[in-house]
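*Asks:*
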Amino acid sequence: MQPARFLGDCSGDRLGIGVLGKDGRVTEAIACILADWGTTNLRVWAVRPDRTIHGPRTSPMGLLAVQNRRFAEALTEACGNWLADSNSAPVVMCGMVGSKLGWKEAPYLPTPVALGDLGRHLCSIEAPFRGTVAVIPGVMMDDQMQPEVMRGEESQILGAIQELGIRDGAFLLPGTHSKWALIDNGTLVSLRTYMTGEVFGLIRRTGTLSQLMEGDAHDDVAFERGVRFSRSTDAANLLHALFSVRTLGLLGRISREGLASYLSGLLIGAELCDGFAWLHAQGITGLAAAIGTPAMLDAYQRAASYYGLRIVALDSADILPRALLSIAATAGLATGCGEVKE
3 MQPARFLGDC SGDRLGIGVL GKDGRVTEAI ACILADWGTT NLRVWAVRPD
53 RTIHGPRTSP MGLLAVQNRR FAEALTEACG NWLADSNSAP VVMCGMVGSK
103 LGWKEAPYLP TPVALGDLGR HLCSIEAPFR GTVAVIPGVM MDDQMQPEVM
153 RGEESQILGA IQELGIRDGA FLLPGTHSKW ALIDNGTLVS LRTYMTGEVF
203 GLIRRTGTLS QLMEGDAHDD VAFERGVRFS RSTDAANLLH ALFSVRTLGL
253 LGRISREGLA SYLSGLLIGA ELCDGFAWLH AQGITGLAAA IGTPAMLDAY
303 QRAASYYGLR IVALDSADIL PRALLSIAAT AGLATGCGEV KE
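Be aware that the sequence shown starts at 3, since it is given in the numbering used here, and climbs by one per residue.
#1: So, is GLN158 buried or exposed, given that buried needs 16 or more other C-beta atoms within 10 angstroms?
#2: If you draw a straight line from the C-alpha of TRP280 to the C-alpha of LEU211, how long is it?
#3: Between ALA108 and ASP222, what straight-line distance do the alpha-carbon atoms span, to the nearest angstrom?
#4: If distances are taken between C-alpha atoms only, which option among VAL191, ARG258, ARG207 and TYR196 comes closest to MET215?
#5: For PHE173, does the count of other Cβ atoms within 10 angstroms reach 16, so buried, or fall short, so exposed?
#6: With burial defined as no fewer than 16 other Cβ atoms inside 10 Å of the residue's Cβ, what is the status of ARG324: buried or exposed?
#7: Any chance the CB of ALA315 is under 7 Å from a heavy atom of the ligand MG?
#8: Measure from the alpha carbon of LEU124 to the alpha carbon of each residue in VAL93, ARG248, HIS179 and ILE138, then state which is nearest.
#9: Could you check where the alpha helix (DSSP H) with HIS282 kicks off and where it finishes?
#10: How is the beta strand (DSSP E) around PRO58 delimited, first residue to last?
#11: Return the first residue and the last residue of the beta strand (DSSP E) that LEU36 is part of.
#12: Helix or strand or just coil, what does DSSP make of TYR302?
#13: What do you reckon, are the CB atoms on GLY82 and ARG59 nearer than 8 Å?
#14: Taking ASP119 as the reference, which of LEU265, ALA331 and LEU253 has the closest Cα?
#15: If VAL94 sits next to LEU335, beta carbons under 8 Å apart, how far is it from one beta carbon to the other, in whole angstroms?
#16: For VAL28, count the other beta carbons within 10 Å of its own beta carbon; 16 or more makes it buried, fewer makes it exposed. Which is it?
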């Protein structure tokens, strides 16, 4: 027997819809569940029938933390009562969950990719849930010299162009593998990757340079010094410039507590130097926006300010749920809810 439904109290323009569970507890119904499943973290949101979005609920069960392919259990734990309270609600996911090491591989879409059509290419997953479970495919640019790929960032960019009300522009998505992407009339046409975050993490934790670094406090002066050096002629080769982390520390020119900030500035500065040169070579003068976490966006904004540039920053947690819901709607998996409320 299906759970009984009822109309609850109304608050403003919000219609309360509930489900009477097996224990007699009344819960508000869920029309769709959205997930951003990356390498290190899992974020989930619940969409109610009145079009409001709740969350995110964040879990450390990223791709690397899931053991023995227990993806269904990890998702259930992250969602908590949402899956139990949803009446066969679909689950739509983006990110590394669709990689070769993920729950199920979703083949890459080759560029150019119309972002508004992502929902037409979902990959379904068999799961022990009552509703449909699907993952959004990533994007691949098949260049003979250096192919490029992304998973999850395509959905964030869709959220950005929806938020900004634009169809064209260049976007920066900083992170473990920073992405620069070009959008033309709502279509992703080109992308470029920088291993900035991963290289920082490796140097910070291992090797001779890490032995000189102490603490995790941010040092603005050291960070700025790293960014400014990255723009110099002498730092044109990053492999050469990185040795300055060691020598400046050994000679006491930068304190041990400031070396990590200097390294961060050097790496982010090197990325910005090459990224802006890549844009200029294609006749593009600047970025439409940067998308990411507040802490990462702050670092890139400060680095860009030394170029005399201002970067519009968009928190991915604010724009991604709307994009995922629109993808679900394109796929016909959001019939219980409509456009996200502003």
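Virtual Cβ for every residue (Gly too), placed ideally from N, Cα, C. Quick caveat, the model's predicted, so the values are computed rather than measured.
*Replies:* Inspection of the coordinates gives the following:
#1: Per the 10 Å Cβ criterion, buried.
#2: Distance between the alpha carbons of TRP280 and LEU211 is about 30 Å.
#3: Straight-line Cα distance between these residues: approximately 42 Å.
#4: With respect to the C-alpha of MET215, the residue from VAL191, ARG258, ARG207 and TYR196 having the closest C-alpha is ARG258.
#5: Answer is buried; the Cβ neighbour count reaches 16.
#6: Buried is the label assigned to ARG324, since at least 16 other Cβ atoms lie within 10 Å of its Cβ.
#7: Within the structure as shown, the ligand MG is missing, as the structure has no ligands at all.
#8: If we check each option's Cα against that of LEU124, ILE138 comes out closest.
#9: Unbroken alpha helix (DSSP H) run through HIS282: 261-283.
#10: Element bounds for PRO58: 55-61.
#11: That run of the beta strand (DSSP E) goes 34-39.
#12: In this structure, TYR302 counts as helix in the three-state DSSP scheme.
#13: Cβ distance < 8 Å, so GLY82 and ARG59 count as in contact.
#14: Selection LEU265, ALA331 and LEU253 evaluated against ASP119 yields ALA331 as nearest (Cα-Cα).
#15: Rounded to the nearest angstrom, the Cβ distance from VAL94 to LEU335 is 6 Å, consistent with a contact under 8 Å.
#16: Residue placement at VAL28 cannot be trusted, given a pLDDT of 37 that sits under 50; the coordinates are not used to answer.
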